[in-house]
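S.K.: One structure, pasted below without further comment.
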């Protein structure tokens, strides 16, 4: 019986992230529009876009290979699996032990690896520019992320997200310098990984400034829908990750009753809304930086992460 | 028993080498030699696996060869059996590949005799149980591989590659010779059993460690001793490149592990700092060098340097834990390292086979002349893609597992009481993470420029899929990448006797864990399940595909590429290997390689094309090898006139030397 309940909770989590992801994207767009005194599209616009895209036929470039058609599904699978392994409203999910935080990061790395290949597949110059810039950004963002994982793992004594969240919600943590540094670094990495301003602009199609959009330029129809959905899922994943590790309050424990689960779900929606609002506020108040400024930005994140790890190596209480 | 089988296999390799000398020019020689090597290496692989999985007592054997008063000792313990398995697995795959690939060889008589000899040398080196046989087999391995590097000696670059390889190999053997001399002592025995029993002073062990790092490190490709590797590995025929990069470097790792973990006794704390610092630098430098290459085989060879760095990071951590009596942590670090030895031998061989297939199909190694091969060679492309994903440490393939274990070992290191390590280990962790991310970039480039996009030359456009034997070898290794990635617990358990023999304890057994997860320490701490990740990905990807195709639309139309409305028909407008690496070259290369870009822009109205010239400097060559080479030339220049003395002057020189020697003897206290 308990196994079936656990399975149900895991299933709910998988569906929840899938259904909420476009909503979060729509919410961020709406808030940004309101901050700019525009009306903005309705909240459910991303869902409409996805449905519309899946119904359209795919227009495939003549030089595209079989890999180009498989990659959207690969990216979607990797991102969805990663997103459903991050605790949202309850810790200790049935399959949470199948991948720890390092593996989740690596799954996102797989998605990016294939997306960059898709950029190169058709053999256009825009695809190439997107792919080469994406791997440059990733080559700094990924080590920064690993350093953040090191920091969290050394504080919590575990790389499992459930254990981490359980430890960080307990009173044993207190205020720590290393966690503060890790939070700043994680936000910087999250901005870069999701291609948000100031690193990349998700709304641009201005040739020389785009990174993510350049790689997916040749996609259309259902393939594009899957890639858009994966992008939303990735944004949701990072907001959930920050919420689960740094704001773990409200998360239901593994053997919680239904009341606690409801509280957890409400708290999760609240955290998403807060995260989305802050992101929109940040994006509207800053300008996009030049591509070759990005390494400095991410280098700073890497150094912050390294500093946080070093502090923990020197003293367990910092 | 198993050691006897292994030695018989080595004898069989040597017979095959002899046979190849005799029938080398005939038609059937290729099939006979490689077929024979395939069968013999499979037999030897079975013997090694029987020893390793049977977990039986080590078997040993003494043959009346070599130095008359000691004979040649051979022994197969768990460590030898593991490395023998790695060598013979690689050898079997390479032989299978060569059954097809070798038919395109222009001068088979230059390759066929040396190939079995090379295999025999590697097999002997891991079985040797005394210093003399070890050094002889080591040198035999070096020389036979040198002969294979020189197989295409009319190519200009290969001669230089062979020359540098010969110098570096002799230097490495010299360092190992001195190391074994010190280990044996002035009146000690050369058998490994005697060396283990002897007690050495701390000064001598320090010297032996440094010499082992120089000797084994130069063979493995530790920076700054790696210079020969990216020249020599690509110069050989591709199946031999695969063996040199995937397997021979592992024999070097074996040499290091044997000396430092087994023969040298208890480690001292500073050993690990030296190894870790070198390994961290090796990791990042290796992958940065690789990113700057546009020759596919050279890129792969440089990337071997990075993987050797990862392996040595694991070894360094194991040394640190062992020195501080944290045997369980040392077991984890050593398992991670040895698992990476296995994994790297699999995917690096696979990638070199892929490069060989591309070479056969197009005659090109330069990525700038390739492109679009996925349309012409879909099967090779698929196998190569699996290798690229595995080496980039993407889950659920095998490369990820060993890197994950290495990260877990790093996370244990705050418990080390030493201040130097407290600063060094996080830095090494950051270097490892950086090199993992750069490796992914490197293989996006390797696969994307070679196989994706549009064909850049007529040769690439006319490529054909390679023969069945080559494909079978590639698919076998690709399948191994996946299997080792989704059930890594089996491999970790197979490594347990090796690790126990070296650090005294083993990792917790993994085969009993539910769902075939791996749990290095405790489930609340960390666990990973490649099988479930794989199954989840397959299910969710398939579900998405079925749902969309059934419920929405499955229509598809081919059209010209969009490219923001400005598609260009010429394939020259695609990104090239150099332009793909440009952002990374700007970020890292301007510091490490002093990369300079020079733009030559003709004035308006001028008909000349614009040019962009990039210059890169190799920091290691400039700082280390160029001065050495210059000083040797200088000394040779100065001593040159000694050749042209008169007979009188020569005689007086001899007389002076005699007098000085006698004086020294007389005055010696």
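Residue numbers (this note's numbering), protein chains in the order written: chain A, 1 to 318; chain B, 1 to 669. Just so it is clear, CB atoms sit at the ideal spot from N, CA and C, and this is done for glycine as well.
1) Which residues in chain A have a C-beta closer than 7 Å to the C-beta of residue 390(B)? List them in chain order.
2) Pop quiz: residue 214(A) and residue 129(A) are said to be a contact at Cβ under 8 Å. What is the actual Cβ separation, rounded to whole angstroms?
3) Measuring alpha carbon to alpha carbon, tell me which residue in 251(B), 222(B), 237(B), 159(B) is nearest residue 128(B).
4) Could you check which residue in 271(A), 283(A), 225(A), 240(A) has the C-alpha nearest to that of residue 52(A)?
5) Specify, as a first and last residue, the run of the beta strand (DSSP E) that residue 73(B) falls within.
6) Going by C-alpha to C-alpha distance, which of 278(B), 175(B), 165(B), 423(B) sits closest to residue 229(B)?
7) Hey, out of 115(B), 7(B), 64(B), whose CA is closest to residue 18(B)'s CA?
8) Enumerated in chain order, which unbroken segments of the alpha helix (DSSP H) with a length of 4 residues or greater are wholly contained in the region 202-226 of chain B?
9) Where do the N-terminal and C-terminal ends of the alpha helix (DSSP H) with residue 44(B) fall, by residue?
10) Name the residue from 184(A), 73(A), 234(A), 246(A) whose alpha carbon lies nearest to the alpha carbon of residue 105(A).
11) Can you round the beta-carbon distance between residue 511(B) and residue 530(B) to whole angstroms, since I take them to be within the 8 Å contact cut?
12) Comparing C-alpha positions only, which one of 40(B), 57(B), 407(B) sits nearest to residue 81(B)?
13) Does the CB of residue 177(A) have a neighbour CB from chain B at under 8 Å?
14) Do you know how far the Cα of residue 487(B) is from the Cα of residue 70(B)?
15) Would DSSP call residue 487(B) helix, strand or coil?
16) Excluding the 5 residues flanking residue 498(B) on each side, which residues of the same chain have their C-beta closer than 7 Å to its C-beta?
17) Measure the CB-CB distance between residue 65(A) and residue 374(B) and report whether it falls below 8 Å.
18) Nearest by alpha-carbon distance to residue 443(B): which of 308(B), 301(B), 597(B) is it?
19) Given a threshold of 16 other Cβ atoms within 10 Å of its Cβ, counted over all protein chains shown, does residue 289(B) qualify as buried or as exposed?
20) With distances taken between CB atoms, is the gap from residue 250(A) to residue 263(A) smaller than 8 Å?
21) Looking only at its chain, what residues have a beta carbon closer than 7 Å to the beta carbon of residue 506(B), apart from the 5 residues adjacent to it on each side?
22) Kindly say whether residue 320(A), judged by its beta-carbon, lies nearer than 8 Å to any beta-carbon of chain B.
23) Closest Cβ-Cβ distance between residue 593(B) and chain A: below 8 Å?
24) Would you list the residues sitting across from residue 58(A) in a DSSP beta bridge?
25) Hey, is the region 163-176 of chain A in contact with the region 295-304 of chain A, meaning 3+ C-beta pairs nearer than 8 Å?
26) Within 8 Å, do at least three Cβ pairs link the region 81-97 of chain B to the region 334-351 of chain B?
27) Using 8 Å as the Cβ pair cut-off and three pairs as the minimum, do the region 257-271 of chain A and the region 105-123 of chain A touch?
28) Between residue 159(A) and the rest of its own chain, which residues show a CB-CB distance below 7 Å, the 5 nearest in sequence each way excluded?
29) In terms of alpha-carbon separation, which member of 29(B), 133(B), 14(B) lies closest to residue 68(B)?
30) Taking residue 61(A) as the reference, which of 104(B), 559(B), 36(B), 577(B) has the closest Cα?
31) Between 521(B), 435(B), 200(B), which lies nearest to residue 509(B) when the distance is taken from Cα to Cα?
32) Which residues in chain A sit within 7 Å of residue 587(B), going by Cβ to Cβ distance?
33) Rounded to the nearest angstrom, what separates residue 616(B) and residue 101(B) at their Cα positions?
34) Measure the C-alpha to C-alpha separation of residue 393(B) and residue 286(B) and round it to an integer number of angstroms.
35) What three-state label does DSSP hand residue 377(B) in the structure shown?
36) If I measure Cβ to Cβ from residue 86(B) and keep anything under 8 Å in the same chain, skipping five residues before and after, which residues do I get?
M.R.: Let me lay it out:
1) The residue labelled residue 390(B) in the question sits at position 390 within the second chain. Under the 7 Å cutoff, chain A gives no residues; its nearest Cβ is about 11 Å from residue 390(B).
2) One-based indexing of the first chain puts residue 214(A) at position 214. One-based indexing of the first chain puts residue 129(A) at position 129. Confirmed, about 5 Å.
3) As a working note, residue 128(B) is residue 128 in the second chain. Of the candidates 251(B), 222(B), 237(B), 159(B), the one whose C-alpha sits nearest the C-alpha of residue 128(B) is 251(B).
4) If you number the first chain from 1, residue 52(A) lands on position 52. Residue 225(A) is the option with its Cα nearest to residue 52(A).
5) Here residue 73(B) refers to the residue found at position 73 of the second chain. That run of the beta strand (DSSP E) goes 72-76.
6) As a working mapping, residue 229(B) is identified with position 229 in the second chain. Ranking the options by Cα distance to residue 229(B), first place goes to 165(B).
7) Taking the first residue of the second chain as position 1, residue 18(B) is located at position 18. Taking only the C-alpha atoms, the option nearest residue 18(B) is 115(B).
8) 202-220
9) Here residue 44(B) refers to the residue found at position 44 when the second chain is read from its first residue. Residues 29-54.
10) On the first chain, position 105 is the one that residue 105(A) refers to. Here the closest residue by C-alpha is 234(A).
11) Along the second chain, read from residue 1 onward, the residue named residue 511(B) stands at position 511. Along the second chain, read from residue 1 onward, the residue named residue 530(B) stands at position 530. So it is not a contact: roughly 14 Å between Cβ atoms.
12) Along the second chain, read from residue 1 onward, the residue named residue 81(B) stands at position 81. Cα-wise, what sits closest to residue 81(B) is 57(B).
13) Along the first chain, one-based indexing puts residue 177(A) at 177. It does not; no Cβ of chain B falls within 8 Å.
14) Translated into positions along the second chain, residue 70(B) becomes position 70. Translated into positions along the second chain, residue 487(B) becomes position 487. Approximately 44 Å between the Cα atoms of the pair.
15) Translated into positions along the second chain, residue 487(B) becomes position 487. In this structure, residue 487(B) counts as coil in the three-state DSSP scheme.
16) Counted from its first residue, the second chain places residue 498(B) at position 498. Here the set comprises 78, 79, 82, 338.
17) Along the first chain, one-based indexing puts residue 65(A) at 65. Along the second chain, one-based indexing puts residue 374(B) at 374. Against a cut-off of 8 Å, the Cβ pair of residue 374(B) and residue 65(A) comes out as a contact.
18) As a working note, residue 443(B) is residue 443 in the second chain. Among 308(B), 301(B), 597(B), the Cα nearest to that of residue 443(B) belongs to 301(B).
19) For the purposes of this step, residue 289(B) is identified with residue 289 of the second chain, where counting begins at 1. So residue 289(B) counts as buried.
20) Counted from its first residue, the first chain places residue 250(A) at position 250. Counted from its first residue, the first chain places residue 263(A) at position 263. In contact: residue 250(A) and residue 263(A) (Cβ atoms closer than 8 Å).
21) As a position in the second chain, residue 506(B) is number 506, starting the count at 1. So the qualifying residues of the chain are 331, 496, 499, 500.
22) Outside the displayed range of chain A (1 to 318) lies residue 320(A), so it cannot be described from this structure.
23) Position 593 of the second chain holds residue 593(B). Not one chain A Cβ lies under 8 Å of residue 593(B).
24) Locating residue 58(A) in the first chain gives position 58, counting from the first residue. 556(B).
25) no
26) yes
27) no
28) On the first chain, position 159 is the one that residue 159(A) refers to. Only 100, 101, 102, 149, 153 meet the Cβ criterion.
29) Taking the first residue of the second chain as position 1, residue 68(B) is located at position 68. Considering only alpha carbons, the answer is 133(B).
30) Counted from its first residue, the first chain places residue 61(A) at position 61. The shortest Cα separation from residue 61(A) among 104(B), 559(B), 36(B), 577(B) belongs to 559(B).
31) Here residue 509(B) corresponds to residue number 509 of the second chain, with the count starting at 1. Nearest C-alpha to residue 509(B): 521(B).
32) As a position in the second chain, residue 587(B) is number 587, starting the count at 1. Going along chain A in sequence order, the residues near residue 587(B) (Cβ under 7 Å) are 136, 295.
33) For the purposes of this step, residue 616(B) is taken as the residue at position 616 of the second chain. For the purposes of this step, residue 101(B) is taken as the residue at position 101 of the second chain. Between residue 616(B) and residue 101(B), the C-alpha separation is close to 34 Å.
34) For the purposes of this step, residue 393(B) is identified with residue 393 of the second chain, where counting begins at 1. For the purposes of this step, residue 286(B) is identified with residue 286 of the second chain, where counting begins at 1. The alpha-carbon atoms of residue 393(B) and residue 286(B) are separated by roughly 16 Å.
35) In the second chain, residue 377(B) corresponds to position 377, counting from 1. Coil at residue 377(B), not helix or strand.
36) Here residue 86(B) refers to the residue found at position 86 when the second chain is read from its first residue. Cβ within range, chain order: 247, 250, 341, 342, 345.
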